[in-house]
Amino acid sequence: MNTNRTNKFKLDWITILLFLMLVGFGWLNILSASMSGEITSYFDMSQRYGKQLFFIVLTLGIIILTLSIEAKFYERFASIIYVVSILSLIGLFFFGKTINGATSWYDIGGFTLQPSEFAKFATALAVAKFISDLQTDIKNLKDQLKTVLIILVPAILIVLQNDAGSTIVYAAFFFVFYREGIPHTYLLFGLAIIAIAILSLKFSVLITSLIVTALILGYYFSQRKKNKSLLQSVFLVSICVVFSFGVQFFYNNILQTHQQNRISLWLHLENDPAKLEQMKRTILYNLNESEKAISSGSVTGKGFLQGTRTIGKFVPEQDTDYIFSTVGEEWGFLGSTAVVITFILLLIRILYLAELQKSQFSRVYGYSVASILFLHFMINIGMVMGLIPTVGIPLPFFSYGGSSLFGFTLLLFIFIKLDSNRINEW
Amino acid sequence: MRKLLLFSIIILIGITFIARLFYLQVYSNNDYDINDDNAIRKVFHYPKRGYVYDRNGTLLVANQPSYDVMIIPREVKPLDTLEFCDLLKISKEDFIKKYNKSYNYSPRLPNVFLSHVSKEDYAFLSEKMRKYEGFYIQKRSLRDYQTSIGANVLGFIMEAGEATIEENPYYKIGDLIGIQGIERSYEKELRGVKGVKYIQKNRFNRDIGSFDNGKYDTAPIAGKDISITIDAELQEYGELLMQNKIGGIVAIEPSTGEILSLISAPSYNPNLLVGRERSKNYTILNNDSIHLPLIDKGLLRMHEPGSPFKSLIALTALQEGVIDINSTIRCTGAYNYGGKRPMRCHCGAGTRNLNSAISKSCNSYFASTYRKIIDKYDDASQGMNEWSDHIKSFGLGNYLNNDLSVGKKGNIPDGAYYDRMYPDFRWRATTNISNSIGQGEVLVTPIQLANMTATIANRGFYYTPHIIKNIKEDTISGKYKTKHQTTIDKQHFDPVIQGLFDVYNKPGGTANFLKIPGIEICGKTGTAENFTKIDGNRTQLTDHSIFIAFAPKDNPKIALAVLVENGYFGARFAGRIASLMIEKYLKGSISRKDLEVWVMDHTLEHEYAKPTSGKPFTINEKSQLMLVKDYEAEQNLEQN
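In C-alpha cells, the structure reads:
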C-alpha cells in the first residue's frame, strides 16, 4: 500500500515521535518532582533528574543498537533471550538486592538493574515465537497450556520476589491470545472469574453461590436442546462455589495485610468507621495526596516547577509511580489530557501496525507490546487517580528509573524494527 | 471482531481517564487560590497599631509587647514537667489542665498555652524554650494605655469573634479587632494592613523556604496614628466630678462640632482590659448590673430632656410667629388645660414674658406657647408635624450618624405618632401637653442634648458632633465639615439666649448660685421624672438632674449637657458640674472651690441601691442627700 515502505529501513516515525514526546515530557516532570533547591546542572548525577537524563542518553544508544540488528535475529534468538531473562530472574534469589520489600534488583557498581523490566519483552518475544511456530495450534488445549506456561514462569518468579504489581502485567497476554484465536468461552470465563471474585469479597460465598446457581439454572431451562445435561450444570455450579471459597481463602490467608487493605478500600469492604479512618490515614495517604495534587491543578495547572504540592513533596513516590500527579498539578486538565491522548495514540498506532504485519511473529509481538504498554498505562494512571486499587507499577516512558525505561524502549523498538522490515519478507 | 476487543478497551479507558480528570480538575475544583493551599504556610506580619493622641497632642494609647507561650499539642515530646512548670511558674495540675484543654481544642493547631508572660520572664524563657518541642513563644502587640481615663471613648481591642471572621475575610483566628469606642470606629485606620509571607511546606509540615521567591508576599502597612477631639484634662476632670454618680457629660466645641469630652460614669481604668487579668476584669465590669460601666451613658441613656427643651419650644413659637418677645401670660402656679389635674409650676407665679419664663423655667408659659404652635394649624396632626420638623432640625429624634460606635435615636413625636397612639380618639395639643416642658413622649440622649445646646450657642446651626481630630497622612470625613442649618431664623436666637443667660445672671434664675466670675455662661436646668419596675410595679425614683450650658455667650467655646441620674433637681448636681466643667475648660483652674467640694463630697450610691434593696424608700425632696464619707461608713458598718 505504501510504496515508500519498500526501502529496507523504513521506520514508523509517528510511533517514534510519540515515544520521544512521552520521554521528553516525562523527563520535565521528573525534573519537577525530584528537584530540591537550585539546579546546578541537568546532568547532576546526585539528583534523579540528572540520572534520568543520563538514562535517556543511554536509551538513544540502545535504540540505535536495537535498530541496527537484523530483524530476523529477534525471531531466531527469541528462545535464547527468554531463557537468559528467566535465568536472570532466578539469579535474583541468590544475588538480588531488596528495595522496598521486593528482591528485584541487581546491584552493579552503584547502579541497580531490575530484570523483571527486561523479562517483559523477552516473554513477548517467546510468546510470539511459540505462537507463530507452524507446529503450534492455539486452538489446541495442549498448546494453550504451553503458551500459558511461557508466561507463568516469569510471572511466578516475580511474584516470589515479592513484586506482585509487576506480575499483574502478564495478564496483558490474554489480549494477545484472544486476538490469535482462543475460544470466546475464555473471554466469558475471564469475566466470570472477575465477577465471582468481586461478588465473593463484596458480599459472601453464599450470595455468590445463589447468584451463580440462579444464572446457570436459568441458562439450563432456557435451553431447547433435548439432551440437556443437568450434571454439567451442577458441576459448573460446584466449580464456581469452590472458586468463591478459594477467593475468600486467598484474600484472608494468602494476601498480605497491605494488599488486603488496598482491595478492601477499593471495594468499600470495611464498615467500621474508626478502622476505615485509620486505613485512610495510612494506606490511602498516597492516593489522597495524589488526588489533591491533581485536582489542585485545575484547568491549566500551576505551571512548570510551580506545583506547590510537588515542591513540598507531598505525594510519596512522585517521580516514579505517582509521576502523573505532577502532570496533573503543574499542567492541569489540558496537560493531563494531552498525556492521556498521546498514550492512546501510541497504543492505537502500535495496534494498527501490528495488524499490518505479514508475519505472525511480528503481529503477535506487536500485539504483546500494545497490551503490555496498555496494562501499565491503565493500572498506573487509574491508580494515581483513585479508580483502581493501588498497584505499584511504573508509567511507561514517564516514571523515573533506568531499568523500566530501557525495558520499555527495547520492547517498543524491537517492534519498530520488525515493522520496518515487514515488506522485506523472508 | 477479535481485532476490536483491545482497541475498544483502550478507547474506553482513555475516555474514562479524561472524564475522571475532568471531574477532579474542572468539575469538583474551584480556581486555585494560594490562600487555600495547605502546602503553603501563610505567615502574617502585623503592623504597629496606630497611636491615639488627644486634641492637645497628649499620647493616650500606645502599644506594648506581650509574650504568649504557644503549644502545638501533637508536637509535644515527653519532657521534664517539673522543670518546665518551674520555668513558667505554674503548678503541675495547671500544666495538665492546660495541656488537655489545648489538646481538646486542636492537636494540630497552635494555640495559646500561657498568655501574657512578663518581659522579664520572656528574656529568660526564650533561651530555654528551644528544649521543649511543641512549645514556642509568640510575640503579640497589646494596647498600652498611657492614661486611666476615657475608657468608654477609647474602647478596647480583642480577638475577632467567629461572626466577624466569617463576615470579613481579612480577619483570621487570633487577629485583634477594635470592639468599642474609637478602636472600633477607626479600626481600619488604626490597624493598618497586615503583611503576608507565603512559605512552602513539605509533607512533614516543615517549612522549606519562601514560595516562588516571595513573588506573592506583601509587606505590612503600618496603622495610622490618630488624634481625637477629646481634651484629656477636661475628660479627666469630668470623670473626677462624676465619681459616685451615674450619668454622662458631653461637651462640644460649637464652632466645629468636636467633642471635647465624653464622660460616662462610672468609668473604669482601660488598663483593666489588657493583659492576663483581662477576662476576669471584663466579667466583673460586665456583671455590674447597677452601674453598667461598659455602657456609654453619654451616648446610650435615653431620657426626657426636661426643661432645657423649653428653649426649643420658645424658638419654634417665635419662628411660627405665635408669640413675640413681649407676649406675656399670668402664671398662677399651675396651668389648667382641662386635664384631670392642672400642670403645676414652680416659677413662683406672676406675669411671665419670654425672658423670665426661660430664666424661671415657667411651665405655664411654655404649655400655653406649645398649644399656640399646635393650634395655629386647623389640624392638630399637621401642627404636630410642623413642630416636629423644627425640633428635629436640631439633630434630635434620629441618629447623629457620626464616628461614635454606638448611639440611640431618641424620640421626637409627630402627627402620625399620635394617630397611631390614639387611633379612636381626636387628640389635641392638650393631649400631649407634657411635650412642652420636655416630658411626655420626647426622649433624647445626652449627646443629642449637648448638640442641641451647641446649635443654640451657634444661633441656628451645628456640625455633626464627632471625635476624630485628624488622621496622620489622611483626611477626615467631609461630613464633619458640613453645616446643618436649623429651620429657625437667626434673629430668634438672641432673645432665647438672653433668657438662658439670665438663668445664671438674674436673681431668681434657677442657676443663679452657679455663676462663675468672669465667664458669661448661658444654661438651663432640667429635671426628668423616671421610673423603674420593682416586682412588676412601676415605681418612681428620684428625678434625674439635667443641665445644659454654653459659654461664653458670644463666640461660644464650649457647649455641654450633663445628666446625673437620680440627682434630683437640675441645678443641684448637673448644674454644679456644668459650671465647673466650663470653668475648667475656659480658665484651666477652678475658682468656685465650694462647688467642687460639694460635688466631690456627695454621693448618689444610696439612691442607686434603693430599687434593689428590697426595702421601702423615699424619693426627691423626701430623700436625704448623702456625703461620701457617711456612705462609706455605713457600708463598712454593714460589712462588719
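Chains as they are written, first to last, in my numbering: chain A, 139 to 564; chain B, -7 to 632. Even for Gly, the Cβ is constructed at its ideal location relative to N, Cα and C. All values derive from a computational prediction rather than experimental measurement.
| Asked | Found |
| --- | --- |
| In angstroms with no decimal places, state the Cα-to-Cα distance between G188 (chain A) and G175 (chain A). | 14 Å |
| Among the residues of its own chain, which have a CB less than 6 Å from the CB of K237 (chain B), if the five just before and after it don't count? | A257, V556 and L596 |
| Output, in chain order, the set of chain A residues within a Cβ distance shorter than 7 Å of L31 (chain B). | Here residue 31 (chain B) is Ala; the residue named in the question, Leu, does not match the sequence. Result: T446, R447, G450 and F452. |
| Kindly indicate which three-state DSSP category D466 (chain B) falls into: helix, strand or coil? | strand |
| Give the residues of chain B in contact with F313 (chain A), contact being defined as C-beta atoms less than 9 Å apart. | L(-3), L(-2) and I1 |
| Pull up the distance between the alpha-carbon of K186 (chain B) and that of P39 (chain B), whole angstroms please. | 6 Å |
| Could you tell me whether the Cβ of D204 (chain B) comes closer than 9 Å to any Cβ of chain E? | Checking the listed chains, one finds no chain E in this structure; the protein chains it contains are A and B. |
| Under 9 Å Cβ-Cβ, which residues of chain A neighbour K193 (chain B)? | T446, G450 and F452 |
| Pairs of beta-carbons, one from the stretch 131 to 149 of chain B and one from the stretch 167 to 180 of chain B, closer than 8 Å: are there three or more? | yes |
| How would you write the range of the beta strand (DSSP E) that D275 (chain A) sits in, first residue to last? | No beta strand (DSSP E) contains D275 (chain A), which DSSP labels as neither H nor E. |
| Are there 16 or more other CB atoms within 10 angstroms of the CB of Y454 (chain B), so buried, or fewer, so exposed? | buried |
| Residues of chain B with a CB under 8 Å from the CB of R317 (chain A): which are they? | R(-6), K(-5), L(-3) and L(-2) |
| Please list, in chain order, all residues of the same chain as A566 (chain B) whose beta carbon is under 7 Å from its beta carbon, the five residues on each side excluded. | S537, I538, F539, V554, L555, V556 and G559 |
| So, for N140 (chain A): in the same chain, excluding its five sequence neighbours on each side, which residues have a beta-carbon less than 7 Å away from its beta-carbon? | Note on N140 (chain A): pLDDT 45, under 50, position unreliable in the model; the coordinate value appears next. Excluding positions up to five away in sequence, the list is empty. |
| Do the stretch 118 to 130 of chain B and the stretch 67 to 76 of chain B make contact, defined as three or more Cβ pairs closer than 8 Å? | yes |
| Which partner residues does M618 (chain B) have in the DSSP bridge list? | B:T595 |
| Which residues of chain A have a Cβ atom closer than 8 Å to the Cβ of G147 (chain B), listed in chain order? | Within chain A, no residue comes near G147 (chain B); the closest Cβ sits about 40 Å away, beyond 8 Å. |
| State buried or exposed for Y324 (chain A), treating a residue as buried only when at least 16 other CB atoms are found within 10 Å of its CB. | exposed |
| Does the Cβ of N443 (chain B) have 16 or more other Cβ atoms within 10 Å, making it buried, or fewer, making it exposed? | buried |
| Does the beta-carbon distance from S581 (chain B) to I513 (chain B) come in below 9 Å? | no |
| Using the Cβ count rule (16 or more neighbours within 10 Å means buried), how would you classify R317 (chain A)? | buried |
| Count the C-beta pairs between the stretch 471 to 483 of chain B and the stretch 497 to 506 of chain B that are closer than 8 Å, then say yes if the count reaches three, no if not. | no |
| What span of residues does the beta strand (DSSP E) with A214 (chain B) cover, start to end? | Looking at the DSSP string, A214 (chain B) is not in any beta strand (DSSP E), and its letter there is neither H nor E. |
| A508 (chain A) touches chain B at which residues, Cβ-Cβ below 7 Å? | L(-2) |
| Taking the beta strand (DSSP E) that E250 (chain B) belongs to, which residues open and close that run? | E250 to A257 |
| Counting only beta-carbon atoms, is N8 (chain B) nearer than 9 Å to chain A? | As written in the sequence, residue 8 (chain B) is Thr, which differs from the Asn given in the question. It does: the Cβ of T8 (chain B) has a partner Cβ on chain A nearer than 9 Å. |
| Checking contacts by CB at 9 Å: is V502 (chain A) closer than that to chain B? | no |
| Which runs of the alpha helix (DSSP H) fall wholly inside the stretch 338 to 374 of chain B and span at least 4 residues, in chain order? | 346 to 351 and 355 to 367 |
| Taking the straight line between their C-alpha atoms, what separation do you get for G545 (chain A) and K93 (chain B)? | 57 Å |
| For chain A, find out if any of its Cβ atoms is closer than 9 Å to the Cβ of S20 (chain B); answer yes or no. | yes |
| Can you pull the chain B residues whose beta carbon is under 8 Å from the beta carbon of E429 (chain A), in chain order? | L16 |
| Quick check on D301 (chain A): does DSSP put it in helix, strand or coil? | coil |
| Note down, in chain order, all residues in the stretch 232 to 247 of chain A with a beta-carbon under 9 Å from any beta-carbon belonging to chain B. | none |
| Suppose you measure from the CA of P411 (chain A) to the CA of S428 (chain A); what does that come to, to the nearest Å? | 23 Å |
| Give a yes or no on whether the C-beta atoms belonging to G402 (chain B) and L435 (chain B) are separated by under 9 Å. | yes |
| Give the secondary structure of R433 (chain B) by DSSP, where H, G and I count as helix, E and B as strand, and everything else as coil. | Checking the sequence shown, residue 433 (chain B) turns out to be Glu, not Arg. DSSP places E433 (chain B) in coil when its eight states are reduced to three. |
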